[in-house]
Amino acid sequence: MKTRTGCLLLVIFSLSSIISAVETMILADFSGSNPISMETMNDPVMGGTSFSSAKIDDGTLVWQGEVHIVSFLQSPGFCIVQTSGRQQFSGLGETSGISFIVKDNGTMLLPMGAQISTGAVTSKGYPVTYVGTLAERNRKGGFLELYAPWDSFKANFRGQDLPDAPALDSNELNKTNRIGLSTYQSHTSGAFRVDISKIIAGISEKLEW
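So the sequence shown is residues 712 to 920, counted in our numbering.
As structure tokens, this is what we get:
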């Protein structure tokens, strides 16, 4: 009986470990020895003058710059930091949303936006970016979780909604090849700094990070 009980407890413990492991998917960890490559894209590609840069410093990706007013639009431009080139993020279809773990230092332009690319295009040939507004969720040890559920994301091209874009279902999420963070959703100009520790996804309302 003791042996059976011991085996049963071992199975339960093993299953619990597996479930816990899949609840949090680490997409980028800037504290490690081999962090994912990142790049910036700013509004000069659209005729603006905003600027930003990104570098690894003390276990975080320090992304900082300044968003300027775009003169011909009379509204704030944008800055974006995103994974470089095409990456593979298979498995996102099993998660419910994405989180950026950042230092809680009050130097961000909030709310910020998360964005992903899957290679999708509309029937008219427009490349699709899926965009969601991040909300503050959990705080721990001087860090803040900025979270957006996948079902809040909208298909977008240069600030315009794309109603004919493919739905962001689990199959489309599994095609994700680029992940980014944007100031656009704040609709605010000014200097900013964001210290990103991790980018994670998961199925729990309280992810381990």
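Note that beta-carbon positions come from the ideal geometry of N, C-alpha and C, so glycine has one too. All of these numbers come straight from a predicted model, not from anything done at the bench.
- Of the candidates ASP872, TYR858, ARG869, the residue whose Cα lies closest to the Cα of PHE811 is TYR858.
- Taking C-beta separations shorter than 6 angstroms and ignoring five residues to either side along the sequence, the partners of GLY776 in its chain run PHE762, SER763, CYS790, following chain order.
- With 16 or more other Cβ atoms inside 10 Å of its own Cβ, LYS909 counts as buried.
- Contact check for VAL792 against GLY870 fails: the beta carbons are separated by 8 angstroms or more.
- With fewer than 16 other beta carbons inside 10 angstroms of its own, ASP875 counts as exposed.
- The C-alpha of VAL842 is placed about 9 angstroms away from the C-alpha of SER893.
- The bridge partners DSSP lists for GLY891 are GLN793, GLN826.
- Counting other Cβ atoms within 10 Å of its Cβ, GLY824 reaches 16 or more and is therefore classed as buried.
- Here TRP861 is actually not in contact with SER900; their C-beta atoms are around 29 angstroms apart, not less than 8 angstroms.
- GLU883: not part of any beta strand (DSSP E); member of the alpha helix (DSSP H) spanning 881-884, first to last residue.
- Here the alpha carbons of ILE827 and ILE914 stand approximately 18 angstroms from one another.
- Checking the DSSP bridge columns, you'll see PHE811 partnered with LEU857, ILE910.
- Collapsing the DSSP output to three states places LEU803 in a helix.
- In summary, ASN816 is exposed, with fewer than 16 beta-carbon neighbours lying within 10 Å of its beta-carbon over all protein chains present.
- Residue pairing of ASN867 in beta bridges, as defined by DSSP: THR840, ASP872.
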